[in-house]
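Read through the structure below, which is laid out as structure tokens, and then see the notes.
2 protein chains.
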Amino acid sequence: MYEVFFRKFNEKIQLTEEEVTFVKQYLTPKKLRKKQYLLQEGDICRNICIVEKGALRAYILDEHGEEHITAFALEGWTMGDLSSFIKEEPAMLNIDALEDCELVLISKSAYIELLKVMPKFETYIRILMTDAYMALQKNMTNMISLSLEERYKAFIRMYPNIVQRVPQHMIASHMGLSPETLSRLRSRLNSRK
Amino acid sequence: MYEVFFRKFNEKIQLTEEEVTFVKQYLTPKKLRKKQYLLQEGDICRNICIVEKGALRAYILDEHGEEHITAFALEGWTMGDLSSFIKEEPAMLNIDALEDCELVLISKSAYIELLKVMPKFETYIRILMTDAYMALQKNMTNMISLSLEERYKAFIRMYPNIVQRVPQHMIASHMGLSPETLSRLRSRLNSRK
DNA sequence: TCAAAACATTGATATATGTCAATGTCCTGC
DNA sequence: GCAGGACATTGACATATATCAATGTTTTGA
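Shown next, in the form of structure tokens:
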């Protein structure tokens, strides 16, 4: 149980068997069926989740009620509305399952307790946050400095699994494009090679 | 010396006088004149910096050589190309001074050593990264879900000091707009009230 | 197994923003 | 103190992308 979670953990920080057992006490498994919600806008995000299996998306609704996908999460990725989790404020994000999912949840109290009693956990979180920040930064600089075509090609290169498993209009939404524009972009790219 | 740095630190984690003295050993002061560079694209970012006084900007050059400002930093803010600092890869960002600056630098070796020997430093960095991630996320969701006008009003509300101290065309660049478009947006807002 | 929904594509048109250019003002450094 | 540059504004025009609509295909669920 929790194989993916601990595989990811061990990539950053080695844990002994006892430590694994110890951490497991603080984790909760959760299954989610396709289209079910993990979090809805306005609720407080009570858990950080790690995807063991399946796929999630996070999206925000704009003033016209349009969905804008802010993130996908596949196996091994972390998902949640971090601001809501940390500050215990209403979430801006909606998170739902794109496929049937198996998740690992860390509650706020578990998070706080683990940070307090287990330095290796704090180190792991520090690294996780650093990596997440760098990834977001990278996305932002790509968004700013690349042409549409280059952005799409970079996305395919970076996240080939997402392109395979997620409908195209959601990728368009994630890139801030209409489905039509992405479709035309793709046909331009195909005709060119 | 390093007043701003330790004020910020103490807002998150209380330090004893001895701890302050200890941390000071790892810090280096640096002055920068307006328009001088702290970091240039292609170089490796050897230091994380905290602004004691003055203002910095970070920008990236796109394929046409156009500048796109990715961040500003005023007193108390942290600045650097984090990916370059952590991975010791060539930086994508250019960082220069918008005003004469006084900075505090933390070198990579100081960063690693402090993380190793001082749990409070690791906790501080963990919180810093978490906050930075949340702020970037917030910017991204604003970018996605708000109209231009709302984005500009949100920016003014959030960073009134930047609006006062930074030329308008740089704010346009930071918002991903041409200077003309921001100018027209502002005149629209003014005529309306 | 079939009907309905979800999805991708393509065309016609609308619109927001960028680009180019001209003008005037205000800094700023020599 | 003045000249040149940086900056903001405004107008005319170009262009990329959104929007609306129609069509065909694939997936899904009863």
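First to last, the sequence lines map onto chains F and L.
Counting along the first sequence from 1, when you hit position 122 you're at 122 in the working numbering, and nothing is skipped either side.
Take any residue in the second sequence, count from 1 to its spot, add 1000: that is its number in the working numbering.
For glycine and all other residues, C-beta sits at the position ideal for the given N, C-alpha and C.
Original post:
Per the contact definition of three or more C-beta pairs closer than 8 angstroms, is the segment 1048-1062 of chain L in contact with the segment 1074-1082 of chain L?
Top reply: yes
Subject >> Test: S1147/L CB closer than 9 angstroms to a CB of chain F >> reply: Numbered from 1 along the second sequence, position 147 holds the residue referred to as residue 1147/L. It does; some Cβ of chain F falls within 9 angstroms.
**OP:** Give a yes or no on contact between the segment 1162-1174 of chain L and the segment 118-125 of chain F, applying the rule of three or more CB pairs nearer than 8 angstroms.
**Re:** no
Original post:
Alpha carbon to alpha carbon, what distance is there between L1182/L and F155/F?
Top reply: Mapped onto the first sequence, residue 155/F falls at position 155. Mapped onto the second sequence, residue 1182/L falls at position 182. Roughly 29 angstroms between the two C-alpha positions.
Original post:
Which runs of the alpha helix (DSSP H) fall wholly inside the segment 36-89 of chain F and span at least 4 residues, in chain order?
Top reply: 82-87
Original post:
According to DSSP, is I95/F helix, strand or coil?
Top reply: To locate residue 95/F, count along the first sequence from 1; it is residue 95. Three-state result, I95/F: strand.
Subject >> Backbone CA spacing between S1083/L and N161/F [nearest angstrom] >> reply: Against the second sequence, residue 1083/L aligns to sequence position 83. Against the first sequence, residue 161/F aligns to sequence position 161. Each residue's alpha carbon lies about 24 angstroms from the other.
Original post:
Does the Cβ-Cβ distance between I86/F and T1130/L come in under 9 angstroms?
Top reply: Position 86 of the first sequence holds residue 86/F. Position 130 of the second sequence holds residue 1130/L. Yes.
Subject >> Residue-level contact to chain F via CB, P1119/L, 9 angstroms cutoff >> reply: Position 119 of the second sequence, counted from the start, is the residue given in the question as residue 1119/L. So yes, P1119/L belongs to the interface.
Original post:
Do you know how far the Cα of I50/F is from the Cα of R7/F?
Top reply: Counting from 1 along the first sequence, the entry for residue 7/F is found at position 7. Counting from 1 along the first sequence, the entry for residue 50/F is found at position 50. C-alpha separation (whole angstroms): 12 angstroms.
Original post:
For L1185/L, does the three-state DSSP call read helix, strand or coil?
Top reply: What you label residue 1185/L is simply residue 185 of the second sequence in a count that begins at 1. Of the three classes helix, strand and coil, the one that applies to L1185/L here is helix, per DSSP.
**OP:** Closer than 7 angstroms by C-beta to V1020/L: which residues in its own chain qualify, once you throw out the five before and the five after it? Chain order, please.
**Re:** Counted from its first residue, the second sequence places residue 1020/L at position 20. For V1020/L, where only same-chain residues beyond five positions count, the Cβ hits under 7 angstroms are F1006.
**OP:** Put S1145/L into one of helix, strand or coil per three-state DSSP.
**Re:** Stepping through the second sequence from its first residue, residue 1145/L is reached at position 145. Three-state result, S1145/L: helix.
**OP:** Report the rounded CA-to-CA distance for R1151/L versus S1187/L, giving the unit in angstroms.
**Re:** In the second sequence, counting from the first residue as 1, residue 1151/L sits at position 151. In the second sequence, counting from the first residue as 1, residue 1187/L sits at position 187. So the alpha carbons of these two residues sit roughly 15 angstroms apart.
Subject >> Proximal chain L residues relative to A132/F, where beta-carbon distance stays under 7 angstroms >> reply: Counting from one through the first sequence, the residue named residue 132/F turns up at place 132. Simply Y1133.
Original post:
For T1016/L versus V1104/L, is the C-beta distance shorter than 9 angstroms?
Top reply: Numbered from 1 along the second sequence, position 16 holds the residue referred to as residue 1016/L. Numbered from 1 along the second sequence, position 104 holds the residue referred to as residue 1104/L. Not a contact, by the Cβ cut-off of 9 angstroms.
Original post:
How would you list, in chain order, the residues of chain F whose beta-carbon sits under 9 angstroms from the beta-carbon of K1138/L?
Top reply: In the second sequence, residue 1138/L corresponds to position 138, counting from 1. The answer, in chain order, is S83 and M92.
**OP:** Let me know if A135/F comes out buried or exposed under the rule of 16 or more other beta-carbons within 10 Å of its beta-carbon.
**Re:** What you label residue 135/F is simply residue 135 of the first sequence in a count that begins at 1. So A135/F ends up on the exposed side.
Subject >> Inter-residue CB distance, I95/F and A58/F (contact presumed, cutoff 8 angstroms) >> reply: By one-based count along the first sequence, residue 95/F stands at place 95. By one-based count along the first sequence, residue 58/F stands at place 58. Going by Cβ atoms, the distance from I95/F to A58/F rounds to 5 angstroms, so yes, they are a contact pair.
Original post:
Going by C-alpha distance, which of Y2/F, N10/F, G42/F and E88/F is nearest L128/F?
Top reply: As a working mapping, residue 128/F is identified with position 128 in the first sequence. Closest option to L128/F, Cα to Cα, is N10/F.
Subject >> Chain-ordered chain F contacts of M1079/L [CB-CB under 9 angstroms] >> reply: As a first step, residue 1079/L must be located in the second sequence, where it is residue number 79. None at all; the shortest Cβ gap to chain F is about 12 angstroms.
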